[in-house]
Amino acid sequence: MKIFTLLLLIVVFAACSSKEKVINPIDENRSFMISTDAGGFTIKGINLPSGNIHEQDYYRKFFAEDAKNKITAIADNGFDIFFFVPEEMKILVVGKSNMLMKAVIDFSPYGLKPVSITFANATDAYVLNQGSNDVSIVDLTVYEVARNIKCGINPVGISSYGNQVYIVDKTADLVHIIDTRTRAIEETIQVHPGPTFIRFTNDGKTSIVISSGVSGTEPNTTKNIALVTYIDVEKRTVSSTLDLGFGQMSALDQYPRGFEVTQTDWGFVQTQIGLFRLDLRNPEKIALMTRTAFDGIAYNRKDAELILFTSSDNSEISLADESLANITQTVMFPGKIFAIYPN
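The opening position of the sequence shown corresponds to residue 766 in my numbering, with each subsequent residue numbered one higher.
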């Protein structure tokens, strides 16, 4: 009987140990690219959560030269990685299959500085340009600007689902809807002052706009509340709104810095005061997850985690779970962070 009991305990212990290893998401390092000014403008390869830098400069590795200007954003469409260098009016493209340089998308003939992108389909990308109301349509089969279309006054945020591209105009306080089949603006929706960020729920039925309450680009002494606007995509109308803040964390005091939607339909909004969580399945719910003033937020879909970071001469990078935003690890980084990309 004693032998049987001992064997049973060993089996139970082994099973528990095995299970623990499976569910612990911090057991292994993940690789990230960081655009930084540490040692000049570079793209570092870093393992998180250990913080070990395994590649000193991906930019030099990919493009056989040192970066002369800031890489402001990094994006991918599943096939390629896109590196934005607005001061040089170009996007550099690297193939994900072999991690070799594939193309340079040149915006200089139009005098445009690309800053953000959405991939509407396999062949077309829509690009916003700094200080311009020209939206560039890029043909991904040849990596060239196919055409530019005028869009409002000051487009600052872009997202897409299916054949619909949504663009927020911070000065006009509008959402412009482009149909990729016509490549034209088909509809505009009036929203709260200062729309800055926009995303879709995972089913594409709802678009979420984050507004600061301040329109335009110039300093404005008149500050409205920060607001979340939910748009019914099928009806193309505002379905509901929600103050971005409550109690002592007043919506009037919030200035949004970033917005990400997880694959489980949580929305996380970083402001200069703290990190808020939206329940996109229940538009009436909002919660404050942390009072830390991060400068940026990114989402690692592959490992289902948030990446929160400050940007200074001594930056911090924190990994957090995608549901409760509980910070699991924090590491220091010796330089400013302009963009972070999980590769």
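Virtual Cβ for every residue (Gly too), placed ideally from N, Cα, C.
{"Check": "Under a three-way DSSP split, which group does GLU852 fall into?", "Outcome": "helix"}
{"Check": "If you reduce the DSSP assignment to three classes, tell me which class TYR875 lands in.", "Outcome": "helix"}
{"Check": "Would you mind working out which of THR1006, THR1095, SER1077 sits nearest SER800, comparing C-alpha positions?", "Outcome": "SER1077"}
{"Check": "Exposed or buried, which one is GLY896 when buried takes at least 16 other CB atoms within 10 Å?", "Outcome": "exposed"}
{"Check": "Which whole-angstrom value is the C-beta distance of LEU1045 and THR966, which I expect to be below 8 Å?", "Outcome": "5 Å"}
{"Check": "Which residues in the same chain have their Cβ closer than 7 Å to the Cβ of PRO1048, if we skip the five residues on either side of it in sequence?", "Outcome": "TYR995, SER1005, LEU1007"}
{"Check": "Buried or exposed, going by whether 16 or more other CB atoms sit within 10 Å of the CB of PRO920?", "Outcome": "buried"}
{"Check": "Quick one: give me the first and last residue of the alpha helix (DSSP H) that PHE1011 is part of.", "Outcome": "Note, PHE1011: premise wrong, no alpha helix (DSSP H); not H, not E."}
{"Check": "Once DSSP output is grouped into helix, strand and coil, what is the label at ARG1001?", "Outcome": "coil"}
{"Check": "Quick one: grab the DSSP three-state call for ARG825.", "Outcome": "helix"}
{"Check": "Pull up the distance between the alpha-carbon of GLN955 and that of PHE1098, whole angstroms please.", "Outcome": "41 Å"}
{"Check": "Within 8 Å, do at least three Cβ pairs link the segment 811 to 824 to the segment 838 to 846?", "Outcome": "no"}
{"Check": "So what does PRO1021 bridge to, in DSSP terms?", "Outcome": "THR1036"}
{"Check": "Cα separation between SER972 and PHE884?", "Outcome": "16 Å"}
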